[in-house]
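**Student:** Before I ask anything, let me first share the structure, which is written out below as structure tokens.
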Amino acid sequence: MFQGEIAALSAAGLWAFATLMFGRLGKQLPPLVLNLVKGAMAIGLIVLTLAVRQQLLASLPIRSVVLLLVSGVVGIGLGDTAYFATVNALGARRALLLEMLAPPMAALMSLIFLQEQLAVVAWVGMALTIGGIVWVVSERSPKAEGTGSPMGVIFGIMAALGQSIGSVLSRAALADTVVDPLWSSLLRLSAGLVCIGGLLLWRRQTVAPNGIRFSSRLLGGVAIAAFFGTYLAIWLQQIALKHSPAGIAQSLLATSPIMVLPMALIIGERVTPRAICGAVVALLGIWLLFSH
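2 is the number of the first residue of the sequence shown in our numbering; add one for each residue after it.
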């Protein structure tokens, strides 16, 4: 029971950890390059896992394959790159705030295109979850982040739209089909990687721009972040989208800012009463999502 919901929360926890690392790595690597490198590493891990599980050969429905490839281009190739650009322009806190547009977008798209009806209690739970997260991430930080540029806001909206479209397409490809979430992860990441490579060529940007040195320490950091934040997290995300409605899955996947709070306490950072209250509200929303 609740296999999709548990997978979504697990993915959110991994993304919270990886976000802390991507925030530091983003200062050393441009968004497209970071997205390309971590995606390539994750694909290698997925292929290795499929080989170990003896699932490298699979018969997949053509419709699902097409939906997943488009989902990868929109959600990973364009959406993730726009998100990294938002973090660079606005800072992580405001980028996460704009990302909260994704769950209601996904729920509405699922209602329109997939006819996924949610109970009233599920909508209330979604609203409380998103409200609690917004309360946490909208708190003023003593450290100024980003410049607040209009382009940063545009990138943030694009990132949320890409995430929601990618989620709905994945849900359409996975629900009531025999497609394994690991295979859907491989297809989405591969399509996203091709898209990123195309963007790099279009911008005439090399994988190693001038001034960037791929030291063993830098590659090690990207590898760790890719393992937890891409390989495992996207696998769990696909499990969540296979077993739960897109709106609910996206709401639970968006709880990363709440997951960051205990991590902040562990490393000795101060957590404010407002952040704790926001977390409690979000947890109440999560409880309603599990009880719908």
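All C-beta atoms in this analysis are idealised placements derived from N, C-alpha and C, irrespective of residue type, glycine included.
Rounded to the nearest angstrom, how far is the Cβ of residue 246 from that of residue 109, given a contact under 8 Å?
**Tutor:** For the purposes of this step, residue 246 is taken as the residue at position 245 of the sequence shown. For the purposes of this step, residue 109 is taken as the residue at position 108 of the sequence shown. Incorrect: roughly 12 Å between the Cβ atoms, too far for contact.
**Student:** According to the neighbour-count rule (16 or more other Cβ atoms, all chains shown, within 10 Å of its Cβ), is residue 16 buried or exposed?
**Tutor:** Locating residue 16 in the sequence shown gives position 15, where the first residue counts as 1. Residue 16 should be labelled buried.
**Student:** Are residue 230 and residue 37 touching if we call contact CB-CB under 8 Å?
**Tutor:** Locating residue 230 in the sequence shown gives position 229, where the first residue counts as 1. Locating residue 37 in the sequence shown gives position 36, where the first residue counts as 1. In this structure, residue 230 lies away from residue 37, with their beta-carbon atoms at least 8 Å apart.
**Student:** Report the CB separation of residue 99 from residue 166 in whole angstroms; it is logged as a contact under 8 Å.
**Tutor:** As a position in the sequence shown, residue 99 is number 98, starting the count at 1. As a position in the sequence shown, residue 166 is number 165, starting the count at 1. So it is not a contact: roughly 15 Å between Cβ atoms.
**Student:** Pairs of beta-carbons, one from the segment 88–108 and one from the segment 45–63, closer than 8 Å: are there three or more?
**Tutor:** The count of Cβ pairs closer than 8 Å, one atom from the segment 88–108 and one from the segment 45–63, stays below three, leaving the stretches out of contact.
**Student:** Using C-beta distances below 8 Å, list every residue in its chain close to residue 128, excluding the 5 sequence neighbours before and after it, in chain order.
**Tutor:** Translated into the one-based positions of the sequence shown, residue 128 becomes position 127. So the qualifying residues of the chain are 286.
**Student:** Please report the distance separating the alpha-carbon of residue 155 from that of residue 80.
**Tutor:** The residue you call residue 155 lines up with position 154 of the sequence shown. The residue you call residue 80 lines up with position 79 of the sequence shown. Roughly 12 Å separates the two Cα atoms.
**Student:** What does the alpha-carbon distance come out to for the pair residue 218 and residue 176?
**Tutor:** Along the sequence shown, one-based indexing puts residue 218 at 217. Along the sequence shown, one-based indexing puts residue 176 at 175. Using only the alpha carbons, I get a separation of about 40 Å.
**Student:** Take residue 105 as the anchor and find which of 258, 254, 248, 44 has the nearest alpha-carbon.
**Tutor:** Locating residue 105 in the sequence shown gives position 104, counting from the first residue. Closest by alpha carbon: 248.
**Student:** Determine, using beta carbons only, whether residue 279 and residue 136 come nearer to each other than 8 Å.
**Tutor:** Translated into positions along the sequence shown, residue 279 becomes position 278. Translated into positions along the sequence shown, residue 136 becomes position 135. Going by C-beta atoms, residue 279 is nearer than 8 Å to residue 136.
**Student:** Please go through the same chain and pick out, in chain order, the residues whose beta-carbon is closer than 6 Å to the beta-carbon of residue 140, but skip the five residues on each side of it.
**Tutor:** Sequence index remark: in the sequence shown, residue 140 carries index 139 (1-based). These residues qualify, in order along the chain: 275.
**Student:** Look at the alpha carbon of residue 225 and the alpha carbon of residue 23, and state the distance between them as a whole number of angstroms.
**Tutor:** Translated into positions along the sequence shown, residue 225 becomes position 224. Translated into positions along the sequence shown, residue 23 becomes position 22. Computed Cα separation, rounded: 10 Å.
**Student:** Going along the chain, which unbroken runs of the alpha helix (DSSP H) with 4 or more residues stay wholly within the segment 234–263?
**Tutor:** 234–244, 247–254
**Student:** Tell me whether residue 64 sits in a helix, a strand or coil according to DSSP, three-state version.
**Tutor:** The residue you call residue 64 lines up with position 63 of the sequence shown. The answer is helix: DSSP assigns residue 64 an H, G or I state.
**Student:** Measure the CB-CB distance between residue 189 and residue 171 and report whether it falls below 8 Å.
**Tutor:** Translated into the one-based positions of the sequence shown, residue 189 becomes position 188. Translated into the one-based positions of the sequence shown, residue 171 becomes position 170. Yes, Cβ-Cβ distance for residue 189 and residue 171 is below 8 Å.
**Student:** Rounded to the nearest angstrom, what separates residue 29 and residue 92 at their Cα positions?
**Tutor:** Locating residue 29 in the sequence shown gives position 28, counting from the first residue. Locating residue 92 in the sequence shown gives position 91, counting from the first residue. Residue 29 and residue 92: Cα-Cα distance of roughly 15 Å.
**Student:** Under three-state DSSP, which class holds residue 140?
**Tutor:** The residue labelled residue 140 in the question sits at position 139 within the sequence shown. Coil, per DSSP.
**Student:** Could you tell me whether the Cβ atoms of residue 272 and residue 192 are closer together than 8 Å?
**Tutor:** Counted from its first residue, the sequence shown places residue 272 at position 271. Counted from its first residue, the sequence shown places residue 192 at position 191. In this structure, residue 192 does not lie closer than 8 Å to residue 272 by Cβ.
**Student:** Can you tell me whether residue 263 is buried or exposed, with buried defined as 16 or more other CB within 10 angstroms of its CB?
**Tutor:** One-based indexing of the sequence shown puts residue 263 at position 262. It counts as exposed.
**Student:** I need the straight-line Cα distance from residue 169 to residue 254, nearest angstrom please.
**Tutor:** Position 168 of the sequence shown, counting from 1, holds the residue named residue 169. Position 253 of the sequence shown, counting from 1, holds the residue named residue 254. Rounded to whole angstroms, residue 169 to residue 254 spans 14 Å at the Cα level.
**Student:** At which residue ranges does the segment 66–120 contain complete alpha helix (DSSP H) runs of 4 or more residues, listed in the order of the chain?
**Tutor:** 82–91, 93–100, 103–110
**Student:** Output the distance between the C-alpha atoms of residue 130 and residue 251, rounded to the nearest integer angstrom.
**Tutor:** Within the sequence shown, numbered from 1, the residue matching residue 130 stands at position 129. Within the sequence shown, numbered from 1, the residue matching residue 251 stands at position 250. Their backbone Cα atoms lie some 11 Å apart in a straight line.
**Student:** With a Cβ-Cβ cutoff of 8 Å, do residue 241 and residue 5 count as a contact?
**Tutor:** Within the sequence shown, the letter at position 240 stands for residue 241. Within the sequence shown, the letter at position 4 stands for residue 5. Cβ distance < 8 Å, so residue 241 and residue 5 count as in contact.
**Student:** Let's see if you can read the secondary structure: which residues bound the alpha helix (DSSP H) around residue 179?
**Tutor:** Within the sequence shown, residue 179 is the residue found at index 178, counting from 1. Careful: residue 179 lies outside any alpha helix (DSSP H) and carries neither H nor E.
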